[in-house]
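Participant:
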Amino acid sequence: MFADHYRNRSGVNALSPHIPHVERRAVTIASVPAAHSYVQNALADAQDAGLLTVLDDPHPAGAPAGQWWPPVMLDAAWIEQNARSFDLLHVHFGFESFTVEQLTRTVDALRLADRPLVLTVHDLENPQLSDQGDYPALLGLLIDAADEIITLTPGAAAEIENRWQREAILIPHPRVLARTVEAASGKVRRTAPRVGVQLRDLRPNIDALNTVRLLIDAAERLAGEGRPVTVVVDINDRVRDEVLRVQLERLVGDSHVAEWNEHPRLSDDDLTASIASLGIVVLPYRHGTHSGWLELCWDLGVDVLAPGVGFYGEQHCDASIALFDPASAPSFDAALEHLLTRAHEPLEAVRRRRRDARLTQSGQIAEAHLAVYRRALARVRA
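Numbering (my numbering), first residue to last: 16 to 397.
(1) Assuming the contact rule is C-beta atoms closer than 8 Å, F230 and V246 should be a hit. Round their C-beta distance to whole Å, please.
(2) Cβ of L103 within 9 Å of Cβ of V133?
(3) Measure the C-alpha to C-alpha separation of I186 and I165 and round it to an integer number of angstroms.
(4) What are the start and end residues of the alpha helix (DSSP H) that includes H353?
(5) With the cut-off set at 9 Å, would you say R280 and R215 are in Cβ contact?
(6) Could you tell me if A199 is buried or exposed, where buried requires 16 or more neighbouring beta carbons within 10 angstroms of its beta carbon?
(7) Looking only at its own chain, which residues have a Cβ that is under 6 Å from the Cβ of L237, when we skip the five neighbours before and after it?
(8) What would DSSP say about W84, mapped onto helix, strand or coil?
(9) Can you tell me which of G307, S306, A57, D249 puts its alpha carbon nearest to the alpha carbon of D292?
(10) Take every Cβ of the region 95-110, pair it with every Cβ of the region 38-51, and state whether three or more of those distances are shorter than 8 Å.
(11) Mark L127 as exposed unless 16 or more other C-beta atoms lie within 10 angstroms of its C-beta, in which case mark it buried.
(12) Per DSSP, P322 forms a beta bridge with which residues?
(13) Name the one or two DSSP bridge partners that T43 has.
(14) Output needed for A344: all residues of its chain with C-beta closer than 7 Å, excluding positions within five of it in sequence on either side, in chain order.
(15) By DSSP, does L298 sit in helix, in strand, or in coil?
(16) Assuming L354 and L320 form a contact by the criterion Cβ under 8 Å, report the distance between their Cβ atoms to the nearest whole angstrom.
(17) If S335 sits next to W313, beta carbons under 8 Å apart, how far is it from one beta carbon to the other, in whole angstroms?
(18) Mind reading off the beta-carbon distance from Q330 to H137? Whole number of angstroms is fine, and I expect it under 8 Å.
(19) Hey, out of R181, S145, G170, D146, whose CA is closest to C332's CA?
(20) Note down, in chain order, each residue of its chain lying with its Cβ closer than 8 Å to the Cβ of A91, except the 5 sequence neighbours on either side.
(21) Please specify which runs of the alpha helix (DSSP H), each continuous and at least 4 residues long, are wholly inside the region 182-266, giving them in chain order.
(22) Could you tell me the boundaries of the alpha helix (DSSP H) in which E105 lies?
(23) What first and last residue would you give for the beta strand (DSSP E) that runs through L293?
(24) Does the region 383-395 come within contact of the region 55-75, defined as at least 3 CB pairs closer than 8 Å?
(25) Tell me which residues share the same chain as E274 and place their Cβ nearer than 6 Å to its Cβ, disregarding the 5 neighbours each side in the sequence.
(26) Only counting the same chain, and skipping five residues up and downstream in sequence, which positions put a Cβ closer than 6 Å to that of N251?
(27) For the alpha helix (DSSP H) holding A91, just list the boundary residues, first then last.
(28) Whole angstroms are fine: how far does the CA of M88 sit from the CA of D340?
(29) Span of the beta strand (DSSP E) holding N276?
(30) Which whole-angstrom value describes the C-beta separation of E111 and L153, a residue pair presumed to lie in contact below a C-beta threshold of 8 Å?
(31) Where does T168 fall in DSSP's three states?
(32) Going by C-alpha to C-alpha distance, which of A372, W84, A80 sits closest to F113?
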């Protein structure tokens with residue numbers, strides 16, 4: 016599927032599963048950000064082959080250690096001072112921290128320095144914002160200015176073409192689970208399925224009350240039919256809306272089918288173990304485009320119940336992902352029923368097959384990025 020999408024939109028006729036060791040000058044990119052698992056996993060094979068160098072994120076003044084945002088590399092002054100240290104700028108996340116005027120100066124600085132701009136459109140709507148505000152204008156500015164555009168799904172590419180008349184190259188989401196990591200729990204499927212929803216810190220695009228109500232109502236109906244399901248509501252102990260947290264805790268506490276799991280923000284390993292302990296994960300989003308959470312579930316062999324917004328259903332076109340209408344309880348019930356009753360391979364076989372697919376795809380994803388980078392550089396240098 017990836018090879019077909021990429022060939023159709025880029026003219027590349029073959030993508031090898033591994034990056035060949037050939038004599039080509041390494042490309043140095045300023046990635047916004049560099050310290051993000053998406054970027055690291057997408058480019059790892061190219062870096063391992065010595066074909067790509069990714070600059071470290073500069074530390075923002077006053078930010079805690081290890082924090083890359085707001086991204087210093089998008090500051091026009093940084094570009095002016097550091098243009099000789101990189102070949103191109105690749106933007107993924109963080110540009111909502113800037114104004115339209117500031118980002119315009121960023122683009123101007125790149126043009127003055129003859130440094131191409133590559134943009135990966137992850138989010139057509141920003142999941143961190145309740146009011147999208149200037150985000151559409153910022154995104155449009157980058158799309159108009161970009162020498163090359165990447166996105167993750169055909170639906171997102173079509174929307175980019177419809178709204179901005181720009182073609183986007185399709186490169187799917189890379190693995191999320193590290194190559195060497197195995198899930199510490201959830202190795203067998205339970206008789207009574209555990210269906211979980213991770214509310215995290217209640218960021219703006221989390222449709223928490225509606226999703227939890229739909230899930231509890233469905234589980235209580237199933238319990239009445241003699242088909243018990245355990246609902247697990249997972250939430251951080253520090254949230255953005257304390258009033259909502261109290262409402263949710265009360266809702267879960269009043270139900271005999273649900274568990275309330277409140278905890279500090281999980282480490283990557285603890286998050287992996289938490290998701291691996293579930294049979295189904297419900298994505299609680301009211302808006303969005305793509306989901307890294309869905310990708311981690313897929314790596315772990317955990318089925319996903321996703322709202323019919325954005326393009327979640329296009330990230331993996333298989334029976335392990337079911338879509339529902341957030342405004343319709345019957346739609347939610349039908350999607351949950353599909354996942355509960357569909358035929359399942361042994362869990363370890365699913366994980367092994369998907370891990371092998373990811374390893375093959377990893378080289379393709381890295382090579383696809385290299386092709387985009389070289390095309391952008393050729394265009395600027397022509």
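For glycine and all other residues, C-beta sits at the position ideal for the given N, C-alpha and C.
Only a predicted model underlies this, so the values are computations on that prediction, with no experimental measurement involved.
Facilitator: Well, looking at it:
(1) The count along the sequence shown starts at 1 and reaches residue 230 at position 215. The count along the sequence shown starts at 1 and reaches residue 246 at position 231. Contrary to the premise, residue 230 reads as Leu rather than Phe in this sequence. Sure, about 5 Å apart at Cβ, within 8 Å.
(2) Within the sequence shown, residue 103 is the residue found at index 88, counting from 1. Within the sequence shown, residue 133 is the residue found at index 118, counting from 1. Their beta carbons are under 9 Å apart, which means L103 touches V133 by this criterion.
(3) Mapped onto the sequence shown, residue 186 falls at position 171. Mapped onto the sequence shown, residue 165 falls at position 150. Near 7 Å, if we compare the C-alpha coordinates of I165 and I186.
(4) Indexing the sequence shown from 1 puts residue 353 at position 338. H353 -> alpha helix (DSSP H) spans 344-356.
(5) Against the sequence shown, residue 280 aligns to sequence position 265. Against the sequence shown, residue 215 aligns to sequence position 200. Taking 9 Å as the Cβ cut-off, R280 and R215 qualify as a contacting pair.
(6) Stepping through the sequence shown from its first residue, residue 199 is reached at position 184. For A199, the predicted structure reports a pLDDT of 49, less than 50, and the residue's modelled location is therefore unreliable. The matter cannot be settled from this model.
(7) Stepping through the sequence shown from its first residue, residue 237 is reached at position 222. Within the same chain, L237 has close Cβ partners V244.
(8) The count along the sequence shown starts at 1 and reaches residue 84 at position 69. Residue state, collapsed to three classes: coil.
(9) Taking the first residue of the sequence shown as position 1, residue 292 is located at position 277. Residue 292 is actually Ser in this sequence, not Asp. The residue with the shortest Cα to Cα distance from S292 is D249.
(10) yes
(11) By 1-based counting over the sequence shown, the position of residue 127 is 112. Exposed is the label assigned to L127, since fewer than 16 other Cβ atoms lie within 10 Å of its Cβ.
(12) Looking up residue 322 in the sequence shown gives position 307. DSSP, once it has assigned bridges, lists F339 as partnering P322.
(13) What you label residue 43 is simply residue 28 of the sequence shown in a count that begins at 1. Paired residues: T68.
(14) For the purposes of this step, residue 344 is identified with residue 329 of the sequence shown, where counting begins at 1. For A344, where only same-chain residues beyond five positions count, the Cβ hits under 7 Å are L229, D232.
(15) Position 283 of the sequence shown, counting from 1, holds the residue named residue 298. L298 falls in the coil class under three-state DSSP.
(16) Walking along the sequence shown from the start, residue 354 turns up at place 339. Walking along the sequence shown from the start, residue 320 turns up at place 305. At roughly 6 Å, the Cβ-Cβ gap stays under 8 Å, so L354 and L320 are in contact.
(17) The residue labelled residue 335 in the question sits at position 320 within the sequence shown. The residue labelled residue 313 in the question sits at position 298 within the sequence shown. Your pair S335 and W313 checks out as a contact, with CB atoms roughly 7 Å apart and the cut at 8 Å.
(18) Residue mapping note: residue 330 aligns to position 315 of the sequence shown, counting from 1. Residue mapping note: residue 137 aligns to position 122 of the sequence shown, counting from 1. Contact flag wrong, Cβ pair sits at about 12 Å.
(19) Sequence index remark: in the sequence shown, residue 332 carries index 317 (1-based). Nearest to C332 by C-alpha distance, out of R181, S145, G170, D146, is G170.
(20) The residue you call residue 91 lines up with position 76 of the sequence shown. Here the set comprises Q117, R120, T121, D123, A124.
(21) 223-239
(22) On the sequence shown, residue 105 is found 90 positions in, with the first residue counted as 1. Reading off the sequence shown, one finds His at residue 105, where the question assumed Glu. Unbroken run through H105 is the beta strand (DSSP E), 103-106; no alpha helix (DSSP H).
(23) Taking the first residue of the sequence shown as position 1, residue 293 is located at position 278. L293 -> no beta strand (DSSP E), and no H or E assigned at all.
(24) By the Cβ test, the region 383-395 is in contact with the region 55-75, since at least three Cβ pairs between them sit closer than 8 Å.
(25) Residue numbering aside, residue 274 sits at position 259 when the sequence shown is read from its first letter. Around E274: V247.
(26) Residue numbering aside, residue 251 sits at position 236 when the sequence shown is read from its first letter. Here the set comprises R215, D216, R280.
(27) Position 76 of the sequence shown, counting from 1, holds the residue named residue 91. Run containing A91: 91-97, per the alpha helix (DSSP H) assignment.
(28) As a working mapping, residue 340 is identified with position 325 in the sequence shown. As a working mapping, residue 88 is identified with position 73 in the sequence shown. Between D340 and M88, the C-alpha separation is close to 39 Å.
(29) On the sequence shown, residue 276 is found 261 positions in, with the first residue counted as 1. N276 -> beta strand (DSSP E) spans 273-278.
(30) Within the sequence shown, numbered from 1, the residue matching residue 111 stands at position 96. Within the sequence shown, numbered from 1, the residue matching residue 153 stands at position 138. Confirmed, about 6 Å.
(31) By 1-based counting over the sequence shown, the position of residue 168 is 153. T168 falls in the coil class under three-state DSSP.
(32) Looking up residue 113 in the sequence shown gives position 98. Out of A372, W84, A80, W84 has the C-alpha closest to the C-alpha of F113.
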